[in-house]
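Just so you know, the protein sequences line up as chains A and B, in that order. Positions 1 to 226 (this note's numbering) are the ones given, in order, by the first sequence. Positions 227 to 452 (this note's numbering) are the ones given, in order, by the second sequence. Note that the Cβ used here is the ideal one computed from N, Cα and C, for glycine as well. Being a predicted model, the structure only gives us computed values, none of them experimental. What follows is a set of notes on a single structure, which appears directly below.
2 protein chains.
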Amino acid sequence: MFDRDLAPLATLIGDPARIAILAALAEGHALPAGELARRAGVHPATATGHLRRLVDGGLVVVHEQGRHRYHRLAGPRVAAVLEAMAQLAPATPVRSLRSVRAGKTLTEARTCYDHLAGRRGVELRDRLLEAGALRLIDDRDHELTPTGRRLVTVVGVDPHPLDRTRRVFARSCVDWTGRRPHLAGALPAALTHRLIELGWLTRAAGRGLRVAPDYDRRLDAWLSAP
Amino acid sequence: MFDRDLAPLATLIGDPARIAILAALAEGHALPAGELARRAGVHPATATGHLRRLVDGGLVVVHEQGRHRYHRLAGPRVAAVLEAMAQLAPATPVRSLRSVRAGKTLTEARTCYDHLAGRRGVELRDRLLEAGALRLIDDRDHELTPTGRRLVTVVGVDPHPLDRTRRVFARSCVDWTGRRPHLAGALPAALTHRLIELGWLTRAAGRGLRVAPDYDRRLDAWLSAP
DNA sequence: CGAACGCTTTGGTCCGGACCCAACTGTCGA
DNA sequence: TCGACAGTTGGGTCCGGACCAAAGCGTTCG
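Rendered as structure tokens:
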């Protein structure tokens, strides 16, 4: 069981800057190198070195995109190690009921910067595609169909100003908590903002979101609207 | 979720000698400092330093006993971290069915040096105490009652030579896999040896033991013997 | 009692690797 | 085409901490 050599992995993890990077990535989303350097409190050059070692060690994967290099955890097993460590980190053996509940809320629904993520985020994207409101235009970007434009208008989001912003409109965003993508960009941000306004979602502690009891019913009603 | 500071824990784990010590302790039993030094391949003085840091960090607990200092993992959460790391250590994503089965066998029954441990080891001690075959003489040492001497004789173990060895007779031995103790010492070693001879147990790969299909029935029959 | 043993403490050496600076490559937007 | 920006590479410094030798301390056993 423990005949494997843990030393390389242990030394890889065992550096303050690298564990800070891993912890940041454990939040779930992919982050560019500069941001990770900032969070770890080191010079970008230093972060580059650390990231290379983490990638070589198979703990992190990179996704090059223009002049950015987005990094995320290589898989749920890496996250499992970090979670096990988090369980142990402080000498506070009992986790309060409050934090346990928050943890559950977090995988259920949460914000990723400013848009809906977690299980509900994945679900929302699925439903919008299924309802024919969204259409994939390449392997990660989406656009609203005419049906979609009508639907978001119905719920109180004006699609026109969203077209004119520089921001990405609706792009797939994957994190390790769910293996499937949710949406990032101007559209999901506006939509999430509106759903909170309408009370379908409520802000909870931190990035958590509480889902209204009749959220499912409202979502069904909305997406089946003529 | 990850707002805890993982750096101290990570740097504590992230040393070749210390992870070797932890991996050795993850096997389950308590080990003296010298043995850990040998396994980690460092000088005893070096091991002492590492062990102090591990104890201070709450990953390991010591149990002083004469001129020995026995160390074991501080709890199942520490073991969980090591297990999560072991899942990740080599780039061998698939664990063979064989090793999975071995893992299960190991918690069910295994040898600890030369005596029965695992769930069946705990069970055996419980049953012997319950049957009045064993009696606690202090907080960790046991002796055979007259009933017990008769019982072990019935199963084919002669208790007399066991009294004359220098070895501890029957002492509680705790590891992290089960929170309850099993027995170490001359008696359990002889008993385990005999149960293997009788086919109640069979040696499996490594320290694993396979339990015969009719083990429970035989154990019941034996301990309820007049 | 004295010797052997297990372990710790102290003291001093030394090397790996973490860090930043500065220069360079590649990308984006005007 | 040019400047701003993201990130990497190479070079050089420096400090933490890993290591062992030797001495010290308590335990065990003859």
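Closer than 7 Å at the beta carbon, the chain A residues around residue i
i      : result
B:L235 : M85, L88 and A89
B:R298 : Within 7 Å Cβ-Cβ: nothing; B:R298 doesn't reach chain A, min ~14 Å.
B:I245 : L6, A7 and A10
Residue i versus the options, residue with shortest Cα-Cα distance
i      : options                           : result
A:A79  : A:P181, A:L129, A:D15 and A:G28   : A:G28
B:P242 : A:T48, A:P8, A:R52 and A:R125     : A:P8
A:H182 : A:A189, A:S172 and A:A190         : A:S172
B:L232 : B:Q291, B:A271 and B:V307         : B:V307
A:D138 : A:A117, A:V157 and A:F169         : A:F169
B:A343 : B:R265, B:L360, B:A410 and B:R443 : B:A410
A:R150 : A:A20, A:D56, A:G41 and A:W222    : A:W222
B:D367 : B:H386, B:R351, B:I245 and B:Y441 : B:R351
A:L22  : B:A246, B:L248 and B:A236         : B:A236
B:R420 : B:A310, B:D440, B:V378 and B:S450 : B:V378
Contact list for residue i against chain B, beta-carbon separation under 7 Å
i     : result
A:G14 : A236, T237, I239, G240 and D241
Beta-carbon gap between residue i and residue j smaller than 8 Å
i      : j      : result
A:L162 : A:L187 : yes
A:G14  : B:G240 : yes
A:D47  : A:L36  : The question names Asp, but residue 47 of chain A is Ala in the sequence shown. Contact flag set, yes.
B:A438 : B:W426 : yes
A:L25  : A:V60  : yes
B:L280 : B:L314 : no
A:V154 : A:L191 : no
B:T371 : B:L362 : no
A:H50  : A:R77  : no
A:L209 : A:R203 : yes
B:A246 : B:R265 : yes
A:A84  : B:A310 : yes
Interface residues of chain A facing residue i [CB-CB closer than 9 Å]
i      : result
B:R303 : A84, Q87, L88 and P93
B:V307 : V81, A84, M85, Q87 and L88
Partners in chain B for residue i, counting only beta-carbon separations shorter than 9 Å
i     : result
A:V55 : The contacting residues do not exist; A:V55 stays about 13 Å from chain B at best.
Using 8 Å as the threshold, is the region 295–305 of chain B in touch with the region 254–269 of chain B, meaning 3 or more CB pairs across them?
yes
Every unbroken beta strand (DSSP E) within the region 413–440 of chain B, with a cutoff of 3 residues, ordered by chain
427–429 and 435–437
Taking only runs of the alpha helix (DSSP H) that begin and end inside the region 232–319 of chain B, which ones reach a length of at least 4 residues, in chain order?
233–239, 242–252, 259–266, 270–282 and 302–314
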